[in-house]
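Here my numbering is used: the first residue of the sequence shown is 1051, the next is one more, and so on. Where a beta carbon is used, it is the ideal one built from N, C-alpha and C, also for glycine.
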Amino acid sequence: MKHVHKEWSPEMAAKTEKIFAAAEKKKPSWIMTVDVALFWVLLLMAILANFILSVVLVPFLLILKGWTLYFSLFFVAASFGFVFTFILHSLEKVEKQRHVVASVFIPCLALINVGIFAVLSNKLIILLKLATPPHNPLLVGAVYVLGYVLPSSVFHLRKK
């Protein structure tokens, strides 16, 4: 059996959109509540995961320097950003406002977290008299956020 690709007429596309909109309106209230709760749980988990990841990055900040550090930060952040983007876009339907909140709030929080832990690791480098030079917290945070935001940006560009 061979599948034949058939182009959709504008009328058929409009009819399909109406069917989806009607189904969304008929969705039981408990399912809508679960959707909202799932979004907020995901957001809370992303916040906690960012904090935990910031703590885990401290040994890397103490030992690594230069491009090795920045590549490692970028790779870890891109991996985490990919997982978060995949989960966020796997939700059945996230309202646009909530999606924007998650897409802006989490990277900003990550920048602050990683910046704070970069400052703390710089203090540890001095206290422990390590040979690693202190890191620029803004650059460390920027590399992390760039890696974190990249998967989401690629997803949105591919969607268009």
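>> Report the start-end ranges of each alpha helix (DSSP H) in the region 1114-1191 that is 4 residues or longer and not cut off at the edges.
In response: You should have 1116-1140, 1146-1177.
>> Between which two residues does the alpha helix (DSSP H) holding residue 1078 run?
In response: Locating residue 1078 in the sequence shown gives position 28, where the first residue counts as 1. No alpha helix (DSSP H) contains residue 1078, which DSSP labels as neither H nor E.
> For the putative contact between residue 1157 and residue 1120, defined by C-beta atoms under 8 Å, what is the C-beta separation to the nearest angstrom?
Replying inline: Locating residue 1157 in the sequence shown gives position 107, where the first residue counts as 1. Locating residue 1120 in the sequence shown gives position 70, where the first residue counts as 1. With 8 Å as the limit, residue 1157 and residue 1120 do not qualify as a contact, their Cβ atoms being about 17 Å apart.
> When you compare each of 1114, 1078, 1066 to residue 1182 by their alpha carbons, which one comes out closest?
Replying inline: Along the sequence shown, one-based indexing puts residue 1182 at 132. Selected option, being the one with the closest Cα: 1114.
> Rounded C-beta distance between residue 1174 and residue 1112? I'm assuming under 8 Å.
Replying inline: For the purposes of this step, residue 1174 is identified with residue 124 of the sequence shown, where counting begins at 1. For the purposes of this step, residue 1112 is identified with residue 62 of the sequence shown, where counting begins at 1. About 6 Å separates the two Cβ atoms, so the contact holds.
>> According to DSSP, simplified to helix, strand and coil, what is residue 1051?
In response: Your numbering for residue 1051 matches position 1 in the sequence shown. With a pLDDT of 48 at residue 1051, under the threshold of 50, the predicted position of this residue should be treated as unreliable, and no value is reported.
>> Just to confirm before moving on: does the CB-CB distance between residue 1202 and residue 1171 stay below 8 Å?
In response: The count along the sequence shown starts at 1 and reaches residue 1202 at position 152. The count along the sequence shown starts at 1 and reaches residue 1171 at position 121. With a cutoff of 8 Å on beta-carbon distance, residue 1202 and residue 1171 are scored as not near each other.
>> Three Cβ pairs or more, each shorter than 8 Å: is that satisfied between the region 1189-1198 and the region 1122-1131?
In response: Yes, the region 1189-1198 touches the region 1122-1131.
> Leaving out the 5 sequence neighbours to the left and right, which residues in its chain are closer than 6 Å to residue 1086 when beta-carbon positions are compared?
Replying inline: Mapped onto the sequence shown, residue 1086 falls at position 36. Take residue 1086, set aside five residues on each side of it, and no residue of its chain has a beta-carbon closer than 6 Å to its own.
> Once you ignore the five residues that flank residue 1160 on each side, which residues in its own chain have a CB closer than 7 Å to its CB?
Replying inline: On the sequence shown, position 110 is the one that residue 1160 refers to. In the same chain as residue 1160, and ignoring 5 residues on each side of it, the C-beta atoms closer than 7 Å to its own belong to 1100, 1194, 1195, 1198, in chain order.
> Can you tell which of 1205, 1168, 1188 has the C-alpha that lies nearest to the C-alpha of residue 1108?
Replying inline: Taking the sequence shown and counting its residues from 1, the one referred to as residue 1108 is at position 58. The option with the nearest alpha carbon to residue 1108 is 1168.
>> I believe residue 1164 touches residue 1190 by the beta-carbon criterion, under 8 Å. Please report the beta-carbon distance rounded to the nearest angstrom.
In response: Taking the sequence shown and counting its residues from 1, the one referred to as residue 1164 is at position 114. Taking the sequence shown and counting its residues from 1, the one referred to as residue 1190 is at position 140. Indeed, because the Cβ distance is near 6 Å, the residues count as touching under 8 Å.
> Alpha carbon to alpha carbon, how far is residue 1069 from residue 1089?
Replying inline: Within the sequence shown, the letter at position 19 stands for residue 1069. Within the sequence shown, the letter at position 39 stands for residue 1089. C-alpha of residue 1069 to C-alpha of residue 1089: approximately 24 Å in a straight line.
> Is the CB-CB distance between residue 1042 and residue 1092 below 8 Å?
Replying inline: Look at the range of the chain in this structure, 1051 to 1210, and you will see that residue 1042 is not part of it.
> Relative to the alpha-carbon of residue 1131, which residue among 1178, 1064, 1096 has its alpha-carbon at the smallest distance?
Replying inline: Numbered from its first residue, the sequence shown carries residue 1131 at position 81. The shortest C-alpha separation from residue 1131 is found at 1096.
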